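Asker: Residue numbers (my numbering), protein chains in the order written: chain A, 484 to 806; chain B, -12 to 392; chain C, 44 to 369.
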Amino acid sequence: MKQLFYKEAVRDALREEMLRDERVFLIGLDIGRFGGTFKATQGLWEEFGAERVRDTPLSEAAIAGAAVGAAMTGLRPVAEIMYNDFLTIAMDQVANQAAKLRYMSGGQATIPVVFRTQEGAGRSSAAQHAQSLEAWVAHIPGLKVVLPSTPYDAKGLLKTAIRDDTPVVFFEHKLLYNTKGEVPEEEYLIPFGQAKVCREGTGVTIVALSRMVLRALEAAEILAAEGVSVEVVDPRTIVPLDIDTILESVKKTGRLIVTHEGYTRCGIGAEIATQVMEKGLYYLEKPVRRVCALNVPVPFAPVMENYVIPSAAALVQAVKEMV
Amino acid sequence: MAAKITMPMLGLTMTEGAIRKWWKREGDPVEKGAPLFEVETDKALVDIAAPEDGWLLRVLVGAEQVVPVGTIVGVIGAEKEDISMILGDSVAAPAREASAVVGPVAETPKAARASGPKLISPRARRLAEEHHIDWKDLQGTGPEGQITEKDVQLSIANARASSPPTGARPDTVQALSNTRQIIAGRLTQSLRERAHIYLTMAVDMGAALDSCQKPSASLSTPPSGAPLSINDLIVKAVAICLTEYPWVNSTLVDKELHLHSSVHIGFAVAAEDGTLVVPVLRGVEGMSLSELAKVRRAIVEKATHRRLSAEEMAGGTFTISNLGMYGVEQFTAIINPPETGILAIGAITEEPRVIQGGLFVRPVMRVTLGVDHRVVDGALAAQFLRRCKTLLEQPQLLTASKEGK
Amino acid sequence: MTEERHDYFPTVEVRKAIHRTMVKIRRFEERAVELFMAQELPGFLHSYLGQEAVAAGACACLREDDYITSTHRGHGHIIAKGLRLDRMMAELFAKTTGYCKGKGGSMHITDFSQGVLGANGIVAAGVPIATGAALSAQMRKSGQVVVCFFGDGASNQGAFYEAANLGAVWSLPVIYVCENNLYAVSTHQSHHQKVKDISTRAVAFGFPGISVDGNDPIAVYQAVAAAVHRARQGEGPTLVECKTYRWLGHYVGDPASYRPPEEVAEWKARDPVPRYERYLEEQGVMSAVEMVSVHEQVKEELDAAVEFARHSPSPQPEDALQDVEP
């Protein structure tokens, strides 16, 4: 075991897969000599050269589209969209091309592309650089959607994503890059569709995404001291979603809070709450509660941003109102 | 003239009675002799008649209430008669709730929601349904009186606490009726006092069955119109045996054995509501078979509808219990205090029997004699039983000595 | 005839092959329109009638393992790339024997095994994809090139600029073939862009652009062949603008009243098929009899294709759940 930063875990996954399979290459903005805006590709250009670590012009549609075209013709590109807020520019290639070309051609095309992107708030990045847009892509059939919350998860899931023959959208969180965690020395993969119970509890279930997993664990610690037992579940992949683990937890506790930095309205929380209602209504003691970003653009001022984006305190409060 | 209606003493041992139903309401006119209310004693349901004409001016003890004998339960008088004097000096013993199905033991529900259906969480509802609790009776402690999981759990725990332990977790919780409580007490008393031993014999009922088909031919009884049943033959056979073995027809009181002069056979019957009642056939030793058949059938009919009088259920010296109609092959019964013996009758089934070296199919009935070993030893019991078997296998012997009376 | 370039002039075989291709496209599209109007085909049709010379000329330059990306108006491209009429027809009929098992339809007929990287219903979306395929060919050093078909309308899409720029900066082996048929749906070119020759936009990216008579298959062939040569040499992209005209509206059933009838008549008078046939006869490449024979063979093939399609099985509803992922 070694201690790695989340960004190092990402880099290690990329590096290992590039060593393992020469068809894997990287394409994106400033990922080469600069090492990536968040340093997730640091050192890779030096090791693999400009041929396999390609800096592009500022053209998300071309980045995404070129990745799709290359993936269709025998390569395994990992395209980086620097901020998930820029997915908008690449969206046609992600949602209409990558997600659908296999289906529309009756199964002829295989498109093993990974779109790595980054999301989240907490640094006063303001409205166009602080969103969490997994709900957009989770909505589109044909895409897999992954949100790791720890270095261990990031590495194992990214390797799986690269080896997967379907298009994957991989959301890293800007404030997780510099978090540290234990990562095995030996190779490992984490399969999609397997949620993780990060903390066991009996009173309330919190299902959390990405950085909210850390806040949920914080809240659980605080609540434990007050005698409330909280179970924290991290789905890790939204598509495919491990609803069974979530239902098992709700069966035990009867109370569910879903939390993410995406906006409340039509966010992933809505999907999870509905699935729990559909499959586990009779486990519920209280209505499902969503503790997610308020339905406003993310503000600049820290005091406002902290109000809009859910906090550990907000989770503690929500749990208390539920027991 | 106003009259008090009291809880009657319907049997020498009765101390309290439960009013199951009032047939009239306050203000109704009543006729002397017409049923006024129904009382359940430890043995039967009995209708109590109005003692005179008039109006039911007051009901003081309602249905499902248990009160001591002598309690004033109502007042009859002339229409609109002033009964305050009577009420003033009435002694009303505190009535107990006659419980049937136990609901929540929590306090009487306060008004929670003014209107609309009761709220319950899905989880609580599932729990209530699993435990067969009618959640609509529960009081909820959640918001707007919503029934919570905790409310249901409390109700389950209370239900368990107030019902007799059954070993395994009961699905339904019911308090025992008075009758059952009495029966329960008697049975355990019997087991405590008596040293029960059991002997079983297989009886070939071929001849007995023939006799029932053609009584006049085989039993030399005059055709009486009343059909004979196996049970009649059994009762008669047992009665004869009891006269021949008087120690089985006895009661042990401390260190004294009372040998009864007459044979009064109690015949266990399942009433239509499932309760066990035991009408007593008195003086069977003096009855002919046809008399016995008539009397037995009549009293069993009454027993089935729980219309026996106390006398009809008292004074037995021996009991017979027959579960053959249910297909039970043999069983052991508990002696009915203060008796000394009991005979348990099983079903008649075709069986292969070896008779003098040959294999035959015969209708066989197993009877099990239970006796109090403090009084009757095994050898004596065996002789009694063998005599019984002989009489049943040769039913003409049942009428041989006595013919009518 | 255009001024000859002596290099890249097609051989006799190629010229004959171009003829057969144009006849196939012409007859297929005519028949498709008939079937559609008779309501045998669900959905929409975007007819290639009138533009046959572009696809035939451009694809005649390609190796079998070269790629193309096609568009919503793509039947001509894929026939020219060598796809079978019967499986194309079956796809139009929404049968399981169609190239896309009935899941794509007219706008998306494709055969990846023949190098057709999809026919796209999103205007200009094929341009980044084609560029990516060219990147792949370059990285794999396969020598393959990609011909990317798109229209005058697509030349205004952001995706076109991003992709062409990327193709230029990495010198990717891609040929951007713009079929300028003067209309983006109902909007005449003069209303949707300032330039008349779209090929001039190539300057902005830093690679050559050329405009040719899109109704002259040989002119198209020469321009595309030259661009293919450049690409295989690693010299990067070329923009080849082919000026042409669609006979029908944007979709079959569109009366196209936004087009002046004289304009339509003028272009129809320059019908590329008889025009090319006259040229072939004059040049002694093919006799009239030979050409008639080609027409007859094509008709036979087409009749068989329609029968095949009509008698093929329809998909089961649950088939919709297949082919999302491998």
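Beta carbons are placed, not taken as given, at the ideal position from N, Cα and C, and that holds for glycine. Given the structure is predicted, the values throughout are model-derived calculations rather than measurements.
DSSP three-state call for residue 251 of chain B: helix, strand or coil?
Answerer: The answer is coil: DSSP assigns residue 251 of chain B none of H, G, I, E or B.
Asker: Would you identify the three-state DSSP class for residue 92 of chain B, choosing helix, strand or coil?
Answerer: Its pLDDT being 38, under 50, residue 92 of chain B is placed unreliably by the model, and nothing is read from it.
Asker: Once you ignore the five residues that flank residue 783 of chain A on each side, which residues in its own chain have a CB closer than 7 angstroms to its CB?
Answerer: Within the same chain, residue 783 of chain A has close Cβ partners 607, 609.
Asker: Under DSSP, the beta strand (DSSP E) around residue 256 of chain C begins and ends at which residues?
Answerer: Start and end: 252 to 256.
Asker: Output needed for residue 55 of chain C: all residues of its chain with C-beta closer than 7 angstroms, excluding positions within five of it in sequence on either side, in chain order.
Answerer: These residues qualify, in order along the chain: 328.
Asker: Using the rule of at least 16 other Cβ atoms within 10 Å of the residue's Cβ for burial, across every protein chain shown, is residue 80 of chain C buried or exposed?
Answerer: Exposed: under 16 other Cβ atoms inside 10 Å.
Asker: Chain A beta carbons: is any one of them nearer than 8 angstroms to that of residue 174 of chain C?
Answerer: Yes, residue 174 of chain C lies at the interface with chain A (some Cβ there is under 8 angstroms from its Cβ).
Asker: Would you kindly work out how many angstroms separate the C-alpha atoms of residue 364 of chain B and residue 358 of chain B, rounded to a whole number?
Answerer: Rounded to the nearest angstrom, the two C-alpha atoms are 8 angstroms apart.
Asker: Run through the stretch 91 to 127 of chain C for me and flag every whole beta strand (DSSP E) of 3 or more residues, listed as ranges in chain order.
Answerer: Listed in chain order, they are 110 to 114.
Asker: Is the Cβ of residue -7 of chain B closer than 8 angstroms to any Cβ of chain A?
Answerer: Chain A contact via Cβ: absent.
Asker: To test your reading of the DSSP string, which unbroken alpha helix (DSSP H) runs of 4 or more residues are found completely within the stretch 313 to 340 of chain B?
Answerer: Runs found: none.
Asker: Please state the DSSP three-state secondary structure of residue 241 of chain C.
Answerer: Residue 241 of chain C falls in the helix class under three-state DSSP.
Asker: Which two residues bound the contiguous beta strand (DSSP E) that contains residue 603 of chain A?
Answerer: Element bounds for residue 603 of chain A: n/a, residue is neither H nor E.
Asker: Output, in chain order, the set of chain B residues within a Cβ distance shorter than 8 angstroms of residue 769 of chain A.
Answerer: Ordered by position in chain B, the residues that pass the 8 angstroms Cβ test against residue 769 of chain A are 108.
Asker: For residue 182 of chain C, does the count of other Cβ atoms within 10 angstroms reach 16, so buried, or fall short, so exposed?
Answerer: With 16 or more Cβ atoms within 10 Å of its Cβ, residue 182 of chain C is classed as buried.
Asker: Output yes or no for whether 8 angstroms exceeds the beta carbon distance between residue 328 of chain B and residue 305 of chain B.
Answerer: In contact: residue 328 of chain B and residue 305 of chain B (Cβ atoms closer than 8 angstroms).
Asker: Around the C-beta of residue 347 of chain B, are 16 or more other C-beta atoms found within 10 angstroms, so that it is buried, or is it exposed?
Answerer: That one is exposed.
Asker: Could you list which residues in chain A have their beta carbon closer than 7 angstroms to that of residue 147 of chain C, in chain order?
Answerer: In chain order: 587, 588, 589.
Asker: By Cβ distance below 7 angstroms, which residues in the same chain neighbour residue 573 of chain A in space, the five residues on each side in sequence not counted?
Answerer: Closer than 7 angstroms at Cβ, skipping near neighbours: 543, 544, 546, 547, 564.
Asker: Do residue 266 of chain B and residue 299 of chain B have their C-beta atoms closer together than 8 angstroms?
Answerer: Closer than 8 angstroms, so yes.
Asker: Tell me whether the beta-carbon of residue 159 of chain C lies closer than 8 angstroms to the beta-carbon of residue 105 of chain C.
Answerer: The answer is no: Cβ separation not under 8 angstroms.
Asker: Should residue 104 of chain C be flagged as near chain A, meaning a C-beta pair shorter than 8 angstroms?
Answerer: Chain A contact via Cβ: absent.
Asker: Kindly list, in the order they appear in chain A, the residues whose Cβ is closer than 8 angstroms to that of residue 85 of chain C.
Answerer: Here the premise fails: no neighbours, minimum Cβ distance about 15 angstroms.
Asker: Within a Cβ cutoff of 8 angstroms, which residues of the same chain sit near residue 165 of chain C, ignoring the five residues on either side of it in sequence?
Answerer: Closer than 8 angstroms at Cβ, skipping near neighbours: no residue.
Asker: Can you give me the Cβ contacts of residue 657 of chain A inside the same chain, cut-off strictly under 6 angstroms, excluding the 5 residues immediately before and after it?
Answerer: Excluding positions up to five away in sequence, the list reads 601, 603.
Asker: Taking 8 angstroms as the limit between beta carbons, can you name the residues of its chain near residue 625 of chain A, skipping five residues before and five after?
Answerer: Closer than 8 angstroms at the Cβ level, and outside the excluded window around residue 625 of chain A, lie 581, 582, 583, 585, 586, 649, 650.
Asker: Take residue 110 of chain B and list the residues in its own chain whose beta-carbon comes closer than 6 angstroms to its own, dropping the five residues that flank it on each side.
Answerer: 136.
Asker: Do we get a CB-CB distance below 8 angstroms when we pair residue 427 of chain B with the residues of chain A?
Answerer: The requested residue 427 of chain B is not part of the displayed model; chain B covers only -12 to 392.
Asker: What residues of chain A sit near residue 221 of chain C, judged by a beta carbon separation below 7 angstroms?
Answerer: Under the 7 angstroms cutoff, chain A gives no residues; its nearest Cβ is about 17 angstroms from residue 221 of chain C.
Asker: For residue 524 of chain A, count neighbouring C-beta atoms within 10 Å of its own C-beta (all shown protein chains included) and say buried if the count is 16 or more, exposed if not.
Answerer: Looking at its Cβ environment, which holds 16 or more other Cβ atoms inside 10 Å, residue 524 of chain A is buried.
Asker: Below 8 angstroms on the Cβ atoms is my contact criterion, and I expect residue 138 of chain B with residue 128 of chain B to pass it. Report the Cβ-Cβ distance as a whole number of Å.
Answerer: Confirmed, about 6 angstroms.
Asker: Which same chain residues, not among the five before or five after residue 81 of chain B, have their C-beta less than 7 angstroms away from its C-beta?
Answerer: Residue placement at residue 81 of chain B is flagged as unreliable, the pLDDT there being 45, under the threshold of 50; the coordinate-derived value follows with that caveat. Here the set comprises nothing.
Asker: Just reading off the beta strand (DSSP E) that residue 346 of chain C is part of, what are its end residues?
Answerer: Counting along the chain, residue 346 of chain C falls outside any beta strand (DSSP E), though it belongs to the alpha helix (DSSP H) covering 331 to 354.
Asker: Look at the Cβ atom of residue 255 of chain C, then the Cβ atom of residue 262 of chain C, and state whether they are nearer than 8 angstroms.
Answerer: Against a cut-off of 8 angstroms, the Cβ pair of residue 262 of chain C and residue 255 of chain C comes out as a contact.
Asker: Residue 519 of chain A: which of A:713, A:494, A:742, A:531 sits nearest, CA to CA?
Answerer: Closest by alpha carbon: A:494.
Asker: Measuring only between beta-carbons, confirm whether residue 293 of chain B sits less than 8 angstroms from chain F.
Answerer: In the structure shown, chain F does not exist; the protein chains are A, B and C.
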